[in-house]
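Numbering (full-length UniProt numbering), first residue to last: 1 to 101.
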């Protein structure tokens, strides 16, 4: 299993728009075989940082999801929405593997 951690720098005046974007992506990750662990919006502390965590069975499965997402109409619509409302300033993506019993 591989977990993708995405750290977003968002426009703090557009948290509601970012939340709408996040709600669009949760079912899309699941549509392509991933397990979404949620988006985490600013609460206390920095008002411009949001996080997302989702997992795939392997890095290969994640890469397949990414390729398919570039052609999926719902994924394209989500990306276009974020661009139109301009709620994301930047993001960085990292991958982790869990240590379990």
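Backbone N, C-alpha and C fix where the C-beta goes; we use that ideal spot for every residue, glycine too.
- Exclusion of the five residues before and after residue 5 leaves 51, 52, 53, 93, 94, 95, 96 as the residues of its chain whose Cβ lies within less than 8 Å of its Cβ.
- The shortest C-alpha to C-alpha distance from residue 85 to any of 3, 9, 14 is the one to 14.
- The beta carbon of residue 59 lies closer than 7 Å to those of 2, 95 in the same chain, with the five residues before and after it left out.
- Only residues of its own chain outside the window of five on either side were considered, and among them 2, 33, 34, 62, 65 have a CB closer than 7 Å to the CB of residue 56, listed in chain order.
- CA-to-CA, the gap between residue 46 and residue 90 works out to about 15 Å.
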